[in-house]
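Note that the UniProt record's numbering has the sequence shown beginning at 1, numbered continuously upward.
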Amino acid sequence: MGVHKWSANDSRGAIVLVHGTGEHHGRYEHVAAYFNQAGWDVYAEDLPGWGRSPGRRGHIQSFEDYLSRVREWTSTALADASGEKPVFLMGHSLGGLIATRFIQTDERSNELAGLILTSPCMKLKLAVPAWKEQLAQFLDRVWPTLVMPNGITPDMVSRDEAVQAAYRNDPLNYSKVSVRWFTELNRSMEKAWEERNRIKHPVLVLQAGADTLVDADAVEQFTAGLSDRQTFERFAGLRHEILNEPEKEEVLQKIVTWLNDNIPL
Numbered sequence: 001m002g003v004h005k006w007s008a009n010d011s012r013g014a015i016v017l018v019h020g021t022g023e024h025h026g027r028y029e030h031v032a033a034y035f036n037q038a039g040w041d042v043y044a045e046d047l048p049g050w051g052r053s054p055g056r057r058g059h060i061q062s063f064e065d066y067l068s069r070v071r072e073w074t075s076t077a078l079a080d081a082s083g084e085k086p087v088f089l090m091g092h093s094l095g096g097l098i099a100t101r102f103i104q105t106d107e108r109s110n111e112l113a114g115l116i117l118t119s120p121c122m123k124l125k126l127a128v129p130a131w132k133e134q135l136a137q138f139l140d141r142v143w144p145t146l147v148m149p150n151g152i153t154p155d156m157v158s159r160d161e162a163v164q165a166a167y168r169n170d171p172l173n174y175s176k177v178s179v180r181w182f183t184e185l186n187r188s189m190e191k192a193w194e195e196r197n198r199i200k201h202p203v204l205v206l207q208a209g210a211d212t213l214v215d216a217d218a219v220e221q222f223t224a225g226l227s228d229r230q231t232f233e234r235f236a237g238l239r240h241e242i243l244n245e246p247e248k249e250e251v252l253q254k255i256v257t258w259l260n261d262n263i264p265l
């Protein structure tokens, strides 16, 4: 599928943006526009199983399906930058977990200048009962493509009623995930915690304070275990999609300020 690029005039560098569960990169057009105005190119595309990406909706064979796609996007951004401008990796929610695993595992991650995470999925807010975990593990072996509701409702993502309506009516959003997706998510969250010490990049983590999907305390704990080049901020009262809340410009400006402060010399 390639990757979509929003270009800035007189670019200072680039951001590869990874979206979250059940959505698509088109929901970040306003984010890309803000970054473009600040002098940053943005690369993004739909993850496997979401948006216009080919394949079974809400399903992956393994988490590597995501990582290989992000590898393509970052390779394009790095090639365009030609070593002359910095490239940062940014992910929201599931995309934050994907971006984290990419930094932890990919051999080209050392070419990236830093990592930006917004409400990253390091631990789910609601604990899954043990019997459901066991059932999922069984179904993963016998019926991995079985889909189930992802539990995300429009009021969980933002306090903005216009955002809620757009989320509800967007035909490219998809509200189900497969059993294999669920087991791969759990496995990848565990790996992210186990391999925190592999992250040597500057990291910015911005977390929704009123998040009902991601465990904000766990995200803060995860960030605290990284290198001393990490910055964490929790936004009180904001729901999961902090880039779609009424205060989104405050959040976006914090990202731009951090980017400008972390351009490699």
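All residues carry an ideal CB built from backbone N, CA and C; glycine is no exception.
Nearest-angstrom Cβ-Cβ length linking residue i and residue j, presumed shorter than 8 Å
| i | j | result |
| --- | --- | --- |
| Trp73 | Val3 | 4 Å |
| residue 272 | Glu184 | Look at the range of the chain in this structure, 1 to 265, and you will see that residue 272 is not part of it. |
| Asn262 | Ala113 | 7 Å |
| residue 266 | Val214 | As shown, the chain starts at 1 and ends at 265. That puts residue 266 outside it, with no answer to give. |
Residue from the options with nearest C-alpha to residue i
| i | options | result |
| --- | --- | --- |
| Pro149 | Cys121, Arg52, Arg57, Glu111 | Arg57 |
| Pro120 | Asp261, Glu250, Arg234 | Arg234 |
| Tyr174 | Leu47, Ala81, Ile242 | Leu47 |
| Arg101 | Arg198, Asn260, Thr76 | Arg198 |
| Lys5 | Arg12, Thr21, Gly20, Asn36 | Asn36 |
| Ile242 | Val256, Trp181, Asp160 | Asp160 |
| Ser227 | Leu115, Asn9, Glu64, Met122 | Leu115 |
| Gln253 | Asn9, Ala32, Gln134 | Ala32 |
| Glu195 | Asp106, Arg27, Asp155, Arg71 | Asp106 |
Residue i and residue j closer than 9 Å at C-beta
| i | j | result |
| --- | --- | --- |
| His30 | Val157 | no |
| His59 | Ser178 | yes |
| Gln230 | Val203 | yes |
| Ala77 | Tyr43 | yes |
| Val16 | Leu89 | yes |
| Gln104 | Ala192 | yes |
| Ala38 | Ala8 | yes |
| His19 | His92 | yes |
| Pro246 | Pro86 | no |
Cβ-based neighbour list, residue i, same chain, cut-off 7 Å, excluding 5 preceding and 5 following
| i | result |
| --- | --- |
| Gly209 | Ala216, Arg234, Phe235, Ala236, Gly237, Leu238 |
| Lys176 | Gly58, Val147, Met148, Pro149, Asn150 |
| Gly95 | Val18, His19, Gly20 |
Buried or exposed (CB count within 10 angstroms, at least 16 for buried), residue i
| i | result |
| --- | --- |
| Gln207 | buried |
| Thr145 | exposed |
| Met1 | exposed |
| Val128 | exposed |
Residues near residue i in its chain [Cβ-Cβ closer than 6 Å; skip 5 each side]
| i | result |
| --- | --- |
| Arg180 | Asp140, Pro144 |
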